[in-house]
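Chains A and B are the protein sequences, given in the same order. Following the working numbering, the numbering of the first sequence begins with 1 at its first residue and continues without gaps. Following the working numbering, the numbering of the second sequence begins with 1 at its first residue and continues without gaps. Just so you know, even glycine gets a beta-carbon here, dropped at the ideal spot from N, CA and C. Single-structure report; data block below.
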Amino acid sequence: MDYKPVEGIIGRYQGKRTALISILHDIQDHYHYLPEGVLKKVSARLEMGLSNIYGVVTFYKSFSLVPKGKHSITLCLGTACHVQGRGKILREMTKLLNIEPGETTRDKKFSLQVVNCLGVCAIGPVMLVDGRYYGEMNSLKAKRIIQKLGTNKGGGKA
Amino acid sequence: MRRIRTVFDLEKWKREIIAKQGQYETEISVCGGTGCHAYGCKKVKNELVKAIRKNGYRSKVRLKFTGCRGFCERGPIVTIQPQGIFYQRVQEKDVPAILSETVAQGRVLEYLLYEDAVTKRKVTSEKDVSFYQKQQRVVLENNGLIEPTKIEDYIRIGGYQALAKALGEMTPDQIIDEVKAAGLRGRGGAGFPTGIKWEGCRKAPGFPKYVICNCDEGDPGAYMDRSLLEGNPNLILEGMIVGAYAMGAKQGFIYVRHEYPLACRNAETAISQARKVGLLGQNIMGSGLDFDVEIAQGGGAFVCGESTALIASIEGKVGEPRSKQTHTVIQGLWGKPTNLNNVETWANIPMIIQQGSQWFSSMGTEKSKGTKIFSLVGQVKNTGLVEVPMGITLKEIIFDIGGGPQNGKRIKAVQTGGPSGGCIPAPLFDLPVDFDSLTQVGSMMGSGGMIVMEEGTCMVDVAKYFVHFLQEESCGKCLPCREGLKRMGEILEGITDGQGNGESLFLLEELAQVVADTSLCGLGKTAPNPVLSALRYFRPEFEAHIEQKKCPAAVCTPLIKYAISQGGCTGCGACQKVCPTQAIAGERKQPHRILAELCGKCGSCRDICKANAVLVQ
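Next comes the structure, spelled out in structure tokens:
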């Protein structure tokens, strides 16, 4: 694995321990997850115990220790989306991709996440696909978006 | 970019900007809020850029990509000044007509106008749209007027004048007195008087001091902080600089949720521009004030909205709260005096300084001054951000601004205060909305989420939703919250599964009380509110689940049965196609029926049926 970008990222924050969360975000943006080797590197450079870093990584939901799929699907479970019927969409998604929230399909095409609010409540239920927001979703629309993205070859858990 | 060294520099620059921008005959503003993004506003904007260039309008037409205008449900929104024309649901294909008809010839395109939800009349101007009529937009006002990534736009409308006044004419104590006299209370939910908090931080011994802007808007159903930081980041910065001067802080942080990437980007742009022109950094406007702001990002933890957890998170630690025996204004970030305010609170500061505490306190009620932004969402016709004076009734917000229920259904309740608040039933809708009245009825203002629920919402299910939400978000540090919420969730799960018994409600109430009394931080202390308020106003619904094993709103799957009305069914076969378990039998053009033993109760048949023949019992 190429560790070069890690140096650059830590350097951007002057190697400050307090910037740990921002550093981890940047690393995750680069590698799409937090590889163990990279975390060891961070631990050495920031002179912080690996266990402390692991604690932070597992506390915050945004971080992932396993590789993510090519397409990221995030479903909002906020109150407004809940009362507008998001439950059905989640059921449809887990059925279609054959994975549970937090998991990635075996072919590494899709990752499914749920989040407690995306802050686009006026147009709920909301789904975020690869950084793009889709409002007023229903299970049919959601299915179409996924199928368009990469056909329904989700198949099996990672 | 130039540097502002004195108040006169600011004035001069403002005049120059006005002169320069005055050359445009027309201003087209495209709303660039996240809601409008979902509807494709960026495509509309790009198309306008191209079309303006192609038609040779570049010297005549100014195109702005503004922040959120609030009426997200009708996005993408485009307004045209000076005529004040309000177009909604604009798509790429509408762009040529906007330029050739409206801009070139002043003709209004009827099909892009908003149709009033109540009167069914087409409305041309934004101010005549019923959604905006009863609002008093003072904090949100400029969101639609400026481009958030251009500091010049903010300066043009009088930005940083409050800072100039504060630095030039006021002492720190005078500023704090002004904020106190205004009666501003924290907009994050607790409603603590801002001036008193500031005074505490100013008087606290220790150096350096910090100010923090809390944009960890975890409250599901609320998004006003996001819209403010996305749409008008300089307003927040100006508030923070004034606060830093009043409290003697040298460093500020804006803590933004990771889920809000656009807010992060726009705030970063605003900070770097403010640094370039000398509004952040050393010796701001020649006053001797040194102050800078950094962005800190969250990581998707709801509890980090709590002040001590947020501070731990900025320090790069796990976001666990601590006991607040020593308040954060005495010992906060890195053990130093720290003042933390919500985005909307900071956004009110420049106005108070500029227009005076008397002006500010003329709005609102006796104990809750000013305006409050609510996100009016859920099952109501007009959804979006509404800013209203404190003291307006729930009825006015939901029916006059929100246009009442969708699809002619009856509104049952409104949920305020997020997971710390509660559900207020329709008979109490004459209640004036302010900090104290909402607390009295067992809910709270919170950060301003207002989720309208119609008769098809099950209140037991809503209570269960919030308990599950909080159980998941509990950091696990203290036992009552960690274990108590889990058990409360199990009891509620039992009730919605039809396993509830005579003891369930008693246990639930007792446990709720213990969690509220003994939890460490605000998350646990207020966690039982959604359950207790639901029990207070909707007890018969709980009892129906337990005693008759029925869900009156037909939501809780184990307690409902689907059936097809033999008289209503046209035999079209649509439900047969969508049923995932092949549980629908019947010949074409003959009434269908549901085979109960195969039915997975997913409701797909009910969604697809055009004849409304699928019944829930």
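Inset, instruction - Ignoring anything shorter than 4 residues or poking outside the segment 434-461 of chain B, list the alpha helix (DSSP H) runs there in chain order. - result: 435-440
Inset, instruction - Kindly indicate which residue of B:Asp173, B:Pro193, B:Met170 and B:Met247 has the alpha-carbon position closest to the one of proline 208 of chain B. - result: B:Met247
Inset, instruction - Please confirm whether any heavy atom of the ligand HEM lies closer than 7 Å to the CB of aspartate 153 of chain B. - result: In the structure on display, the ligand HEM does not appear, and there are no ligands present to speak of.
Inset, instruction - Kindly say whether valine 115 of chain A, judged by its beta-carbon, lies nearer than 8 Å to any beta-carbon of chain B. - result: yes
Legend entry - Strand pairing of lysine 54 of chain B, partner residues [DSSP]: Note: lysine 54 of chain B sits in no beta bridge, so no partner.
Inset, instruction - List the DSSP bridge partners of glutamine 415 of chain B. - result: B:Cys423 and B:Ile451
Inset, instruction - Buried or exposed for lysine 12 of chain B, please, with buried defined as at least 16 other CB atoms from any protein chain shown within 10 angstroms of its CB. - result: exposed
Inset, instruction - Let me know if arginine 59 of chain B comes out buried or exposed under the rule of 16 or more other beta-carbons within 10 Å of its beta-carbon. - result: The sequence shown places serine at residue 59 of chain B, not arginine. Exposed: under 16 other Cβ atoms inside 10 Å.
Inset, instruction - For valine 56 of chain A, count neighbouring Cβ atoms within 10 angstroms of its own Cβ and tell me buried if that reaches 16, exposed if not. - result: buried
Inset, instruction - At 7 Å on the CB atoms, spell out the chain A contacts of serine 474 of chain B, in chain order. - result: Those do not exist, as serine 474 of chain B stays about 12 Å from chain A at its closest Cβ, beyond 7 Å.
Legend entry - Ranges of the beta strand (DSSP E) found wholly within the segment 3-74 of chain B, counting only runs of at least 3: 26-31 and 61-66
Legend entry - 8 Å contact criterion, which glutamate 178 of chain B and serine 357 of chain B should meet: CB distance rounded: 5 Å
Inset, instruction - Report yes or no: do the segment 190-205 of chain B and the segment 252-272 of chain B share at least 3 C-beta pairs separated by less than 8 Å? - result: no
Inset, instruction - Could you please give the first and the last residue of the uninterrupted alpha helix (DSSP H) stretch that includes lysine 577 of chain B? - result: 574-578
Inset, instruction - Run the CB neighbour count on aspartate 130 of chain A, radius 10 Å, all protein chains shown included, and call it buried at 16 or more, exposed below. - result: exposed
Inset, instruction - Please say whether glycine 568 of chain B and alanine 611 of chain B have beta carbons closer to each other than 8 Å? - result: yes
Legend entry - chain B within 8 Å of lysine 88 of chain A, Cβ atoms only: yes
Legend entry - Counterpart residues of glutamine 297 of chain B in DSSP-defined beta bridges: B:Val256
Inset, instruction - Measure the alpha-carbon distance for threonine 116 of chain A versus proline 220 of chain B and round it to whole angstroms. - result: It should be noted that the sequence gives asparagine, not threonine, for residue 116 of chain A. Spanning the two alpha carbons is a distance of roughly 6 Å.
Legend entry - C-alpha distance - glycine 502 of chain B paired with cysteine 602 of chain B, whole-angstrom precision: 29 Å
Inset, instruction - Give a yes or no on whether 8 Å exceeds the smallest Cβ distance from phenylalanine 469 of chain B to chain A. - result: yes
Inset, instruction - Have a look at alanine 19 of chain A and lysine 324 of chain B and give me their C-alpha separation to the nearest angstrom. - result: 25 Å
Legend entry - Three CB pairs or more closer than 8 Å across the segment 358-372 of chain B and the segment 428-440 of chain B: yes
Inset, instruction - Could you tell me which of A:Asn138, A:Gly37 and A:Val6 sits nearest to serine 22 of chain A, measuring between CA atoms? - result: A:Val6
Legend entry - 3 or more residues per run - each beta strand (DSSP E) lying fully within the segment 329-358 of chain B: 338-342
Legend entry - Beta-bridge pairing of glutamate 543 of chain B - partner residues as DSSP gives them: Glutamate 543 of chain B is not bridged to any residue.
Inset, instruction - Determine the DSSP secondary structure at isoleucine 77 of chain B, reduced to helix, strand or coil. - result: coil
Inset, instruction - Would you identify the three-state DSSP class for aspartate 177 of chain B, choosing helix, strand or coil? - result: helix
Inset, instruction - Under 7 Å between beta-carbons, which chain A residues line up against serine 313 of chain B? List them in chain order, please. - result: Ile21
Inset, instruction - May I ask you to verify whether the segment 441-449 of chain B touches the segment 407-423 of chain B, counting CB pairs closer than 8 Å and requiring at least 3? - result: yes
Inset, instruction - Using a Cβ cut-off of 8 Å (strictly closer), state whether arginine 226 of chain B contacts chain A. - result: yes
Inset, instruction - Could you name the residues that DSSP lists as bridge partners for lysine 16 of chain A? - result: Paired residues: none, contrary to the question.
Inset, instruction - Note the first and the last residue of the continuous alpha helix (DSSP H) segment covering glycine 524 of chain B. - result: 522-526
Inset, instruction - Taking all protein chains shown into account, decide if methionine 363 of chain B is buried (16 or more other Cβ within 10 angstroms of its Cβ) or exposed. - result: buried
Legend entry - Option in B:Gly168, B:Ile98, B:Ala527 and B:Gly456 with minimal Cα separation from cysteine 556 of chain B: B:Gly456
Legend entry - Within-8 Å CB hit, serine 218 of chain A to chain B: Outside the displayed range of chain A (1 to 158) lies residue 218 of chain A, so it cannot be described from this structure.
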